[in-house]
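Visitor:
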Amino acid sequence: AQSVTQLDSHVSVSEGTPVLLRCNYSSSYSPSLFWYVQHPNKGLQLLLKYTSAATLVKGINGFEAEFKKSETSFHLTKPSAHMSDAAEYFCVVSENDYKLSFGAGTTVTVRA
Amino acid sequence: GAVVSQHPSWVICKSGTSVKIECRSLDFQATTMFWYRQFPKQSLMLMATSNEGSKATYEQGVEKDKFLINHASLTLSTLTVTSAHPEDSSFYICSAYGGELSSYEQYFGPGTRLTVT
């Protein structure tokens, strides 16, 4: 069985400061892990994906995530937040790239 | 990236009526399409998986007679909410997957907001 736990339901940061969104996963196999972003009234957009290659994955818009098997974590970071980063972020696990299990989501607000 | 469209983007219907939502894969042939439901401030819950030309596979707790899914072609899947009730009001999102044709990624539609009055 696969599942993810997003440890923060809401993260608030100041513009220009780092962003950290925490995610722990559970999987019986070597999973694929994803981070998606959902802006209001927009479709889900893939930020990045881990598929057992490099443990540090770089995504779009300056985001990156590090896969740590020993900690079963896949935290998402960005060095400097921008106002446009305000959105809902979902950590997702899949054991076959086919069936996705979504975390509960983390709402990011960015203060000017 | 590939584009998946949904129509309508929002719909209001009266209790007891049926409403159909379309999901189209515009850039690739989708062997599999998924339907999700998202309540306000909550995560996406997978409702069903549909493969072209075969019956959909529903997740536990999802009524297959209420949420009819048809995947008649490699670019179109439809979700029909039958005899809708206010508790069916939600945001419905589809995704399309084409294996190698979609670079082994699921592409999501923009969603359809259903309000049942």
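Protein chains in written order, with my numbering: chain A, 109 to 220; chain B, 4 to 120. We put the beta carbon where it would ideally sit given N, CA and C, even for glycine. No experiment lies behind these values; they were computed from the predicted model shown.
From the beta carbon of SER92/B, is the nearest beta carbon of chain A less than 8 Å away?
Guide: Judged by the 8 Å Cβ criterion, SER92/B is not in contact with chain A.
Visitor: Does the beta-carbon distance from VAL216/A to ASP193/A come in below 8 Å?
Guide: yes
Visitor: In whole angstroms, what separates the C-alpha of ARG219/A from that of SER120/A?
Guide: One C-alpha to the other measures close to 7 Å.
Visitor: Along the chain, where does the beta strand (DSSP E) that runs through ALA194/A open and close?
Guide: Segment: none, ALA194/A is in no beta strand (DSSP E) and carries neither H nor E.
Visitor: What runs of the alpha helix (DSSP H), each 4 residues or longer, lie entirely inside the segment 54-104 of chain B?
Guide: none
Visitor: Check the Cβ-Cβ distances between TYR95/B and every residue of chain A, and say whether any is below 8 Å.
Guide: no
Visitor: Output the distance between the C-alpha atoms of PHE198/A and PHE42/B, rounded to the nearest integer angstrom.
Guide: 14 Å
Visitor: Does DSSP put GLU172/A in a helix, in a strand, or in coil?
Guide: strand
Visitor: Cβ atoms of HIS183/A and CYS131/A: under 8 Å apart, would you say?
Guide: yes
Visitor: I need the DSSP call for GLU25/B, collapsed to helix, strand or coil.
Guide: strand
Visitor: Are the beta-carbon atoms belonging to THR81/B and VAL14/B less than 8 Å from one another?
Guide: no
Visitor: What's the gap between the Cα of PHE175/A and the Cα of SER138/A?
Guide: 11 Å
Visitor: Just checking: is the beta-carbon of GLU25/B within a distance shorter than 8 Å of some beta-carbon in chain A?
Guide: no
Visitor: Can you grab the Cα-Cα spacing for the pair PRO148/A / CYS16/B, in whole Å?
Guide: Computed Cα separation, rounded: 23 Å.
Visitor: Cβ of ALA197/A less than 8 Å from any chain B Cβ?
Guide: First, the amino acid is wrong: residue 197/A is Tyr here, not Ala. Judged by the 8 Å Cβ criterion, TYR197/A is not in contact with chain B.
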